[in-house]
């Protein structure tokens with residue numbers, strides 16, 4: 001095209017379309033927006049409902065402040081927090097221990113298809129149900145209390161930890177593993193020398209995330225009776241002791257923040 | 001056209017990168033700035049469009065003093081300064097055309113630029129320039145799909161589309177193989193002539209500099225130690241510039257790369 | 001010259017490191033044991049747990065399919081909650097992430113405010129938000145939408161801010177160097193770079209919000225969780241299992257949609 005003047009060139013340009021068909025794109029966008037608007041419409045709030053809420057806010061603030069940190073409350077808070085921390089800690093350790101074999105089984109590149117299917121199914125089940133739902137079932141099985149909490153969170157770990165570790169294994173460099181295998185190493189040795197060094201840093205990072213997650217979850221599974229401060233909180237709401245509720249919430253928020261700070265530091269040090 | 005007088009740059013670490021540098025160029029001259037790593041070549045170029053803030057001195061482009069401009073004024077003047085970078089600095093995930101047309105963003109209404117509705121004459125000119133740099137047919141390609149030489153051509157196209165008063169090039173060939181380097185230098189040379197703009201090139205391959213430049217400036221330790229035509233660059237001059245390093249050693253020096261001040265907001269005048 | 005004996009053994013960690021690793025492991029073990037004891041868990045029910053599960057399973061199967069038409073309404077409500085919660089959350093997260101990222105904030109004060117908003121939004125679980133808001137506004141889907149939005153700000157905001165901090169600044173500076181305005185530099189320099197991360201974060205959050213939306217009803221937040229709560233309170237186990245199946249279905253379906261989107265938009 002040398003020798004052409006500016007006038008010979010196209011005057012319009014558009015980005016290459018994302019979807020193969022412009023119509024498909026319009027349809028999907030329209031559907032999304034329509035759905036959003038429908039949701040908006042269905043959830044419309046009447047003005048008086050909102051005003052009642054604001055009024056309720058006033059009453060709540062009256063009832064809730066000052067937060068009740070009285071002696072009896074402190075004991076209950078302490079017991080609840082102690083339990084939640086313990087549940088979170090134990091579930092993290094157990095969760096990792098349980099997840100590792102599941103993760104190994106669920107890695108497509110090093111596992112037998114049968115184990116792979118079973119592992120991924122287990123991960124799916126663990127992930128799909130919120131820890132509260134799992135908690136309900138486990139409480140029905142082993143009764144109220146911390147034991148249910150530990151079992152619930154340990155099982156829930158699989159959906160998170162095993163999945164991410166399995167994904168990490170699937171992304172690792174197979175050549176390193178093959179090299180180890182070529183020396184005639186046994187299966188466990190291949191795992192320890194070939195697989196483990198590659199995924200270890202991520203495992204540690206994820207473990208910290210897991211602890212984070214567990215701690216947050218441990219504060220609420222008490223709602224379905226699985227122990228910890230969530231139970232204390234729920235009970236306080238049930239009995240309209242809002243000043244106590246506020247106290248508990250403040251403690252929970254402070255602890256979660258503290259936990260986040262610690263895990264931030266831990267993650268920096270491990271890196 | 002461009003008058004730099006007594007430019008001084010002292011970094012926060014008290015490192016004096018430029019100690020009173022004066023450069024002047026006009027017409028369609030090609031000025032090559034050569035020197036060892038750390039001599040201040042990059043700093044000098046980046047001070048011109050204030051990617052790095054000079055500490056003292058004056059830079060006058062076509063009668064406008066650049067060092068005292070406000071944020072808005074600087075933005076407007078930058079439209080007249082085209083820059084080509086060592087690492088191309090194209091937006092990798094965008095298409096070639098979008099990158100080229102981003103040269104006209106300073107003239108385009110914000111909303112239209114986001115919607116990618118470009119004026120027809122800009123689009124035609126962009127096509128024309130892509131043709132000139134040898135990238136016709138590649139408008140829709142994503143930049144990260146291109147080779148180094150191709151990317152640099154797009155970078156040059158972007159700069160040309162600005163229709164600038166001056167072209168700056170910061171080590172444009174350092175990341176390229178010799179054959180492509182020559183092609184890029186050819187392109188810059190032709191652009192100078194056909195667009196009638198001076199080109200300031202920061203370069204460390206001395207042979208390339210001597211082959212294409214009209215004026216050669218030797219920078220060492222923040223001071224100009226040589227100024228003249230390529231013919232005047234004798235062995236003694238090269239020694240003086242590179243402080244006793246042999247020319248081949250100097251030519252294989254690895255560039256120090258981008259040096260900007262840390263901890264500045266990304267999008268502001270002090271870029 | 002004396003000949004040095006060649007080392008007989010190779011160890012990865014020297015004596016001091018081995019000792020500290022040993023103690024670290026021991027310390028962890030001790031803490032775990034202490035925690036275990038502190039919980040004073042009763043194992044009485046553990047032994048017949050499998051019996052209980054079996055029994056409950058029996059009572060839960062077959063799922064009460066007949067009740068499913070009634071569940072459609074609450075299910076759709078849950079979807080609405082997820083959609084609006086995620087939608088508003090995303091909209092509000094974008095400016096928050098922008099000011100919370102170290103490289104795009106105007107000054108430290110604004111940056112600190114952004115970070116504070118993110119941390120505040122993250123620190124409290126959705127359920128607690130819902131509990132509190134139900135007391136304020138009464139039960140219903142609105143509180144869940146608000147709760148999900150806020151939580152999403154915390155999650156999306158944090159990850160998005162991190163993504164913004166990881167971009168290549170040279171690309172942005174080059175765009176600004178052509179004389180582009182601030183918004184243009186963001187649109188052309190930053191947005192394309194964070195797009196993959198953005199899609200990944202939003203779809204992950206969407207999955208999470210769908211799951212949350214299905215259970216907020218347990219504490220009064222509307223949606224199918226309320227149906228679950230209602231069935232549980234009257235021990236209608238076959239209805240419960242039907243609800244659980246529906247929840248499972250919705251979650252898997254939304255995950256399928258998410259992965260579809262993730263592939264489509266590289």
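Protein chains in written order, with the working numbering: chain A, 1 to 271; chain B, 1 to 271; chain C, 1 to 266. Backbone N, C-alpha and C fix where the C-beta goes; we use that ideal spot for every residue, glycine too. Every value quoted in this text rests on a predicted model; they were computed, and no experiment measured them.
What are the partner residues of residue 18 of chain B, as DSSP defines its beta bridges?
Locating residue 18 of chain B in the second chain gives position 18, where the first residue counts as 1. Bridge partners of residue 18 of chain B: B:9.
Give the interface partners of residue 83 of chain A over in chain C, defined as CB-CB distance under 7 Å, in chain order.
As a working mapping, residue 83 of chain A is identified with position 83 in the first chain. Simply 39.
In chain order, what residues of the same chain have a beta carbon less than 8 Å from the beta carbon of residue 161 of chain B, not counting five sequence neighbours either side?
By 1-based counting over the second chain, the position of residue 161 of chain B is 161. Contacts found: 100, 101, 103, 104, 122, 125, 126 and 129.
Starting from the C-beta of residue 69 of chain B, find all residues in its chain whose C-beta is less than 7 Å away, skip the five residues before and the five after it, and write them out in chain order.
Looking up residue 69 of chain B in the second chain gives position 69. So the list reads 77, once near-sequence residues are dropped.
Specify the secondary structure class of residue 25 of chain B as computed by DSSP and reduced to three states.
As a first step, residue 25 of chain B is located in the second chain; it is residue number 25 there, counting from the start. Residue state, collapsed to three classes: strand.
Can you have a look at residue 3 of chain A and say buried or exposed, based on whether 16 or more other CB atoms are within 10 angstroms of its CB?
Position 3 of the first chain, counted from the start, is the residue given in the question as residue 3 of chain A. Confidence in residue 3 of chain A is poor, its pLDDT being 47 and thus under 50, which makes the residue's placement unreliable; the coordinate value appears in the next sentence. Residue 3 of chain A should be labelled exposed.
Is there a C-beta anywhere in chain C that falls below 8 Å from the one on residue 39 of chain A?
Numbered from 1 along the first chain, position 39 holds the residue referred to as residue 39 of chain A. Answer yes: the Cβ-Cβ gap between residue 39 of chain A and chain C drops below 8 Å somewhere.
Meets three-Cβ-pair contact criterion under 8 Å: the region 115 to 131 of chain C and the region 201 to 217 of chain C:
yes
With DSSP as the reference, please indicate the residues paired to residue 170 of chain B in a beta bridge.
Here the question's residue 170 of chain B lines up with position 170 in the second chain. According to DSSP, residue 170 of chain B bridges with B:202.
Taking the CB atoms as reference points, tell me whether residue 56 of chain C and residue 141 of chain A lie closer together than 8 Å.
On the third chain, residue 56 of chain C is found 56 positions in, with the first residue counted as 1. On the first chain, residue 141 of chain A is found 141 positions in, with the first residue counted as 1. Going by C-beta atoms, residue 56 of chain C is nearer than 8 Å to residue 141 of chain A.
Same chain, Cβ closer than 7 Å to residue 203 of chain C, neighbours up to 5 away in sequence not counted
Numbered from its first residue, the third chain carries residue 203 of chain C at position 203. So the qualifying residues of the chain are 258, 261 and 262.
Pick helix, strand or coil for residue 244 of chain B, following the three-state DSSP scheme.
Here residue 244 of chain B refers to the residue found at position 244 when the second chain is read from its first residue. Low confidence applies here, because residue 244 of chain B scores a pLDDT of 48, under 50, leaving its location unreliable and the question unanswered by this model.
For residue 132 of chain B and residue 75 of chain B, the rounded distance between their alpha carbons
Along the second chain, read from residue 1 onward, the residue named residue 75 of chain B stands at position 75. Along the second chain, read from residue 1 onward, the residue named residue 132 of chain B stands at position 132. Taking the straight line joining both Cα atoms gives about 27 Å.
Closer than 8 Å is the cut-off here; do at least three beta carbon pairs connect the region 68 to 84 of chain C with the region 33 to 42 of chain A?
yes
Determine the extent of the alpha helix (DSSP H) in which residue 92 of chain C is found, giving its start and end residues.
Start at 1 with the first residue of the third chain, and residue 92 of chain C comes out as number 92. Here the alpha helix (DSSP H) through residue 92 of chain C covers 68 to 100.
At least 3 beta-carbon pairs within less than 8 Å: the region 152 to 166 of chain C vs the region 96 to 112 of chain C
yes
Do residue 106 of chain A and residue 156 of chain A have their CB atoms nearer than 8 Å?
Indexing the first chain from 1 puts residue 106 of chain A at position 106. Indexing the first chain from 1 puts residue 156 of chain A at position 156. Their beta carbons are not under 8 Å apart, which means residue 106 of chain A does not touch residue 156 of chain A by this criterion.
Buried or exposed by the 16-neighbour rule on C-beta atoms within 10 Å, applied to residue 112 of chain A
Residue numbering aside, residue 112 of chain A sits at position 112 when the first chain is read from its first letter. Result: exposed.
According to the neighbour-count rule (16 or more other Cβ atoms, all chains shown, within 10 Å of its Cβ), is residue 249 of chain B buried or exposed?
Here the question's residue 249 of chain B lines up with position 249 in the second chain. With a pLDDT of only 43 at residue 249 of chain B, under 50, the local geometry of the prediction cannot be trusted, and no value is derived from it.
Per DSSP, what kind of secondary structure is residue 152 of chain A in: helix, strand or coil?
Taking the first residue of the first chain as position 1, residue 152 of chain A is located at position 152. Looking at residue 152 of chain A - three-state DSSP - the assignment turns out to be helix.
Have a look at the DSSP bridge pairing and note the partners of residue 226 of chain B.
Residue mapping note: residue 226 of chain B aligns to position 226 of the second chain, counting from 1. Residue 226 of chain B is bridged to B:218.
What separation, rounded to the nearest whole angstrom, lies between the Cα atoms of residue 91 of chain C and residue 147 of chain B?
As a first step, residue 91 of chain C must be located in the third chain, where it is residue number 91. As a first step, residue 147 of chain B must be located in the second chain, where it is residue number 147. Their Cα atoms are separated by approximately 37 Å.
Under 8 Å Cβ-Cβ, which residues of chain C neighbour residue 90 of chain B?
Looking up residue 90 of chain B in the second chain gives position 90. The contacting residues are 171 and 174.
Does any residue of chain A have a CB that is nearer than 8 Å to the CB of residue 52 of chain C?
Working through the third chain from its first residue, we reach residue 52 of chain C at position 52. Chain A, which has a Cβ nearer than 8 Å to the Cβ of residue 52 of chain C, makes this yes.
Which residues in chain C have a C-beta closer than 7 Å to the C-beta of residue 114 of chain B? List them in chain order.
Against the second chain, residue 114 of chain B aligns to sequence position 114. Correct list: 187.
Contact set between residue 121 of chain C and chain A, taken where Cβ atoms lie within less than 7 Å:
Here residue 121 of chain C corresponds to residue number 121 of the third chain, with the count starting at 1. Per Cβ cutoff of 7 Å: no residues; residue 121 of chain C is ~11 Å from chain A at best.
Per DSSP, what are the beta-bridge partners of residue 56 of chain B in this structure?
On the second chain, residue 56 of chain B is found 56 positions in, with the first residue counted as 1. For residue 56 of chain B, which the question treats as bridged, DSSP gives the partners B:8.
Using a Cβ-Cβ cut-off of 8 Å, state whether residue 219 of chain A counts as contacting chain C.
The residue given as residue 219 of chain A occupies position 219 in the first chain. With 8 Å as the cut-off, residue 219 of chain A counts as an interface residue toward chain C.
From residue 122 of chain C to residue 133 of chain A, what distance separates their C-alpha atoms?
Along the third chain, one-based indexing puts residue 122 of chain C at 122. Along the first chain, one-based indexing puts residue 133 of chain A at 133. One C-alpha to the other measures close to 22 Å.
Per DSSP, what kind of secondary structure is residue 158 of chain B in: helix, strand or coil?
In the second chain, residue 158 of chain B corresponds to position 158, counting from 1. Correct three-state label for residue 158 of chain B: helix.
I'd like to know whether the C-beta of residue 148 of chain C is nearer than 8 Å to at least one C-beta of chain A.
What you label residue 148 of chain C is simply residue 148 of the third chain in a count that begins at 1. Answer no: the Cβ-Cβ gap between residue 148 of chain C and chain A never drops below 8 Å.
Alpha carbon to alpha carbon, what distance is there between residue 225 of chain B and residue 237 of chain B?
Against the second chain, residue 237 of chain B aligns to sequence position 237. Against the second chain, residue 225 of chain B aligns to sequence position 225. Rounded to whole angstroms, residue 237 of chain B to residue 225 of chain B spans 8 Å at the Cα level.
List the endpoints of the continuous beta strand (DSSP E) containing residue 84 of chain B.
For the purposes of this step, residue 84 of chain B is taken as the residue at position 84 of the second chain. First-last of the beta strand (DSSP E) with residue 84 of chain B: 81 to 84.
Quick check on the burial criterion: 16 or more other C-beta atoms within 10 angstroms. Buried or exposed for residue 213 of chain A?
Taking the first residue of the first chain as 1, we reach residue 213 of chain A at position 213. Result: buried.
With 16 as the cutoff for other CB atoms within 10 Å, does residue 112 of chain B come out buried or exposed?
Along the second chain, one-based indexing puts residue 112 of chain B at 112. The residue in question, residue 112 of chain B, is exposed, as its Cβ has fewer than 16 Cβ neighbours within 10 Å.
When the distance is taken between beta carbons, is residue 183 of chain C closer than 8 Å to residue 167 of chain C?
As a working note, residue 167 of chain C is residue 167 in the third chain. As a working note, residue 183 of chain C is residue 183 in the third chain. It is not a contact, given that the beta carbons lie outside the stated cut-off.
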